[in-house]
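Student: Numbering (full-length UniProt numbering), first residue to last: 1 to 599. Idealized CB from N, CA, C, for every residue including glycine. Being a predicted model, the structure only gives us computed values, none of them experimental. After the structure tokens below, expect a handful of questions from me.
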Ligand SMILES: [Ca+2]
């Protein structure tokens, strides 16, 4: 349907740090290849003034990257990976100087608990070897330097203490063994943040743990009136997760689920999760919205009023787009089915939610529910419309079909809706959408009101996914109100082309559905309630009435005359009750009595 929802969805910010990291990575790669050329480049010359900014940036990175820590896993954040240790070496979580791990060496009588690593070095270069230690006697040294091997030691201490020494590599030396160990029979020693600082020997540096990625797969379930349970997928390298509620951090956990408590009943909350480790906290996950259960039992679906033989459907706008803002109680009694527009899709494929727009003016959600109950008591079916121009829901698997049925049923029970309207405008999969609707019908029972509002193009032949869906659920389908507007020219059931905005367009196109396998009681004429309710294709209410007469009685036809009459034709639909109100409710006042007067 052509309409502006007027709602604003938050724009996801782009992950700039990621782009920055990419650029830096590219710079480092270039720097490695041009390191030798840098020194040879003239300090000034004809080309110097014209060097690109990119080249200058590359050189700056190269200069910064000239010296680095050539040891791997130097902070023991990845266990003993890259290290060769005897039986006395192990990783400890306490004490650690940085991150979450450190080396604990436990010497024995014949074992000094030595751990060593072969690092790649540049020949004829100087390196500073250092490490932080505490506990018992700790040694730090290097062998295979090609010049003079070095070592240093500490008798131990109760706090962190840095050991430092230096070595120079030989003319042909490309690797050196660095080691640390304790002393025979002495107390365990702890080492963290070891560094072999000097020119890159070709092995690069160990960046340590990276900031983890944002968690994916966040879902909300198990809502009570005061809590919501969240689940998400584990993130590589994460040591914990933080949970955010409406932007504020409310909880930190080590696993991949959390139950957020202390929530208000019958309230929607937006949740996000981040992953964290020693390097920092990830970006926030996509937001999942969850609503807590009502504090007291909701009105429930109750027995649905029967839809009359001839019925008028009207869409009620849960948003302000310039049409008259109204409450459900303001919708004229001529409307037998009121489709609340629209449900929202959530991050879970197939799942829908509903949030009452404050712009509509209800004092509370309970007030809105009371209006639904009052309409129901007056014999009106208030249903929830799914879709619209901007509210698409993807149902293309058994999982998403189930998610749809479960969430739609939950909303029916919570608000008292009598059913759902399918107003999806793209990407329909008839197999799974039919499965989803059957799943809902299995829960809601025979009182379910199920309507559809396809676009004209979607109902031109029985081969389209929309038409196939309608036929696949024919036994539980109330009415299909095809939108006979916003569509230009289309084919009638006689194979002729008809232009929108005429009685023939309504009758000849409805004939496609009437002859395509739907029962006449399942066909309604969907039209704009006023000229402002659609971009094109508006016809006055008198033309709608003529089309109804033509199909149901064979009178008041235009050029197109159906070969038979369809007295059981269900009726008509208007977008929207709000646009109808804007035009003084002329549409429902004219078409409504006429529909109810059909044979
Ligand atoms: Ca560490």
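CB residue 174 to CB residue 129, shorter than 8 Å?
Tutor: Translated into the one-based positions of the chain shown, residue 174 becomes position 174. Translated into the one-based positions of the chain shown, residue 129 becomes position 129. Contact flag unset, no.
Student: For my contact list, residue 565 and residue 558 are in at a C-beta cut-off of 8 Å; report their separation, rounded to the angstrom.
Tutor: On the chain shown, residue 565 is found 565 positions in, with the first residue counted as 1. On the chain shown, residue 558 is found 558 positions in, with the first residue counted as 1. Rounded, the Cβ-Cβ distance is 15 Å, inconsistent with contact.
Student: May I ask you to verify whether the stretch 211 to 228 touches the stretch 132 to 139, counting CB pairs closer than 8 Å and requiring at least 3?
Tutor: no
Student: Please name the residue, chosen from 149, 188, 132 and 373, that lies closest to residue 88 on a Cα-to-Cα basis.
Tutor: The sequence position of residue 88 within the chain shown is 88, counting from 1. Closest by alpha carbon: 188.
Student: Which residue or residues does DSSP assign as beta-bridge partners of residue 76?
Tutor: As a first step, residue 76 must be located in the chain shown, where it is residue number 76. Bridge partners of residue 76: none, in fact.
Student: Across the stretch 361 to 377 and the stretch 324 to 331, are there enough close Cβ pairs to call them in contact, namely three or more that are closer than 8 Å?
Tutor: yes
Student: Strictly by DSSP, which residues pair up with residue 281?
Tutor: For the purposes of this step, residue 281 is identified with residue 281 of the chain shown, where counting begins at 1. The partner list for residue 281 (beta bridge, DSSP) reads 276.
Student: If we ignore side chains and look at the alpha-carbon of each, how far apart do residue 466 and residue 507 end up?
Tutor: Along the chain shown, one-based indexing puts residue 466 at 466. Along the chain shown, one-based indexing puts residue 507 at 507. Between residue 466 and residue 507, the alpha-carbon positions lie close to 20 Å from each other.
Student: When the Cβ atoms of the stretch 514 to 523 are set against those of the stretch 464 to 483, are three or more pairs found closer than 8 Å?
Tutor: With contact defined as three or more Cβ pairs closer than 8 Å, the stretch 514 to 523 and the stretch 464 to 483 are in contact.
Student: Between the C-alpha atoms of residue 123 and residue 146, what's the straight-line distance to the nearest angstrom?
Tutor: Locating residue 123 in the chain shown gives position 123, where the first residue counts as 1. Locating residue 146 in the chain shown gives position 146, where the first residue counts as 1. Those two C-alpha atoms are separated by around 9 Å.
Student: Give the secondary structure of residue 374 by DSSP, where H, G and I count as helix, E and B as strand, and everything else as coil.
Tutor: Indexing the chain shown from 1 puts residue 374 at position 374. In this structure, residue 374 counts as helix in the three-state DSSP scheme.
Student: Can you list the alpha helix (DSSP H) stretches of 4 or more residues lying completely in the stretch 422 to 476, in chain order?
Tutor: 430 to 444 and 465 to 472
Student: Can you list the alpha helix (DSSP H) stretches of 4 or more residues lying completely in the stretch 315 to 382, in chain order?
Tutor: 365 to 377
Student: Taking the CB atoms as reference points, tell me whether residue 325 and residue 365 lie closer together than 8 Å.
Tutor: One-based indexing of the chain shown puts residue 325 at position 325. One-based indexing of the chain shown puts residue 365 at position 365. Contact: no.
Student: For residue 151 and residue 113, I'd like the C-alpha separation in whole angstroms.
Tutor: Taking the chain shown and counting its residues from 1, the one referred to as residue 151 is at position 151. Taking the chain shown and counting its residues from 1, the one referred to as residue 113 is at position 113. One Cα belongs to residue 151, the other to residue 113, and the distance between them is close to 16 Å.
Student: Taking C-alpha atoms, which residue in 560, 574 and 522 lies nearest to residue 537?
Tutor: Counted from its first residue, the chain shown places residue 537 at position 537. It is 574.
Student: Using only the alpha-carbon positions, how far apart do residue 459 and residue 259 sit?
Tutor: One-based indexing of the chain shown puts residue 459 at position 459. One-based indexing of the chain shown puts residue 259 at position 259. One Cα belongs to residue 459, the other to residue 259, and the distance between them is close to 46 Å.
Student: Specify the secondary structure class of residue 493 as computed by DSSP and reduced to three states.
Tutor: Walking along the chain shown from the start, residue 493 turns up at place 493. In the structure shown, residue 493 sits in coil (DSSP, three-state: anything other than H, G, I, E or B).
Student: Within 10 Å of its beta-carbon, does residue 249 have 16 or more other beta-carbons around it, so buried, or fewer, so exposed?
Tutor: Here residue 249 refers to the residue found at position 249 of the chain shown. Classification of residue 249: exposed, given that the 10 Å Cβ count is below 16.
Student: Apart from the five residues just before and just after residue 503, which ones in its own chain have a Cβ nearer than 6 Å to its Cβ?
Tutor: Counting from 1 along the chain shown, the entry for residue 503 is found at position 503. The answer, listed in chain order, is 543, 546, 547 and 558.
Student: Could you tell me which of 541, 551, 177 and 197 sits nearest to residue 509, measuring between CA atoms?
Tutor: Translated into positions along the chain shown, residue 509 becomes position 509. Of 541, 551, 177 and 197, the residue nearest in Cα terms is 551.
Student: Return the Cβ separation of residue 492 and residue 500 in integer angstroms, given the expectation that the two are a contact with Cβ distance under 8 Å.
Tutor: By 1-based counting over the chain shown, the position of residue 492 is 492. By 1-based counting over the chain shown, the position of residue 500 is 500. For a cut-off of 8 Å, the C-beta gap from residue 492 to residue 500 is around 12 Å, too long to register as a contact.
Student: Buried or exposed: where does residue 587 fall if 16 or more other Cβ atoms within 10 Å of its Cβ makes it buried?
Tutor: Here residue 587 corresponds to residue number 587 of the chain shown, with the count starting at 1. Its Cβ being crowded by 16 or more others within 10 Å, residue 587 is buried.
Student: On the DSSP letters alone, give me the boundaries of the alpha helix (DSSP H) that residue 593 sits inside.
Tutor: Position 593 of the chain shown, counted from the first residue, corresponds to residue 593. Where residue 593 is concerned, the enclosing alpha helix (DSSP H) stretches over 586 to 596.
Student: Measuring CB atoms only, is the stretch 390 to 398 touching the stretch 278 to 295, in the sense that at least three cross pairs come out at less than 8 Å?
Tutor: no
Student: Could you give the distance in angstroms between the alpha-carbon of residue 400 and the alpha-carbon of residue 423?
Tutor: As a position in the chain shown, residue 400 is number 400, starting the count at 1. As a position in the chain shown, residue 423 is number 423, starting the count at 1. Rounded to the nearest angstrom, the two C-alpha atoms are 17 Å apart.
Student: Three or more C-beta pairs closer than 8 Å, one from the stretch 93 to 108 and one from the stretch 67 to 77: is that the case here?
Tutor: yes
Student: Following the continuous beta strand (DSSP E) through residue 197, name the residue where it begins and the one where it ends.
Tutor: Position 197 of the chain shown, counting from 1, holds the residue named residue 197. Per DSSP, residue 197 belongs to the beta strand (DSSP E) from 189 to 199.
Student: Hey, is residue 102 close to ligand 1, as in C-beta under 7 Å from one of its heavy atoms?
Tutor: Counting from one through the chain shown, the residue named residue 102 turns up at place 102. Within the cutoff, so yes.
Student: If distances are taken between C-alpha atoms only, which option among 421, 170 and 95 comes closest to residue 157?
Tutor: Working through the chain shown from its first residue, we reach residue 157 at position 157. Measuring from the Cα of residue 157, the nearest candidate turns out to be 95.
Student: Less than 7 Å between the CB of residue 425 and some heavy atom of ligand 1, yes or no?
Tutor: Against the chain shown, residue 425 aligns to sequence position 425. Outside the cutoff, so no.
Student: Once you ignore the five residues that flank residue 355 on each side, which residues in its own chain have a CB closer than 6 Å to its CB?
Tutor: Here residue 355 corresponds to residue number 355 of the chain shown, with the count starting at 1. Hits under 6 Å: 268.
Student: DSSP state of residue 510, grouped into three classes?
Tutor: For the purposes of this step, residue 510 is taken as the residue at position 510 of the chain shown. Residue 510 falls in the helix class under three-state DSSP.
Student: Of the choices 442, 443 and 181, whose alpha-carbon is the least far from that of residue 117?
Tutor: By 1-based counting over the chain shown, the position of residue 117 is 117. Closest option to residue 117, Cα to Cα, is 181.
Student: Residues in the same chain with beta-carbon distance under 6 Å from residue 562, minus the five sequence neighbours each way, listed in chain order, please.
Tutor: Here residue 562 corresponds to residue number 562 of the chain shown, with the count starting at 1. Closer than 6 Å at the Cβ level, and outside the excluded window around residue 562, lie 511.
Student: Taking 7 Å as the cut-off, is the CB of residue 192 close to at least one heavy atom of ligand 1?
Tutor: On the chain shown, position 192 is the one that residue 192 refers to. The answer is yes for residue 192.
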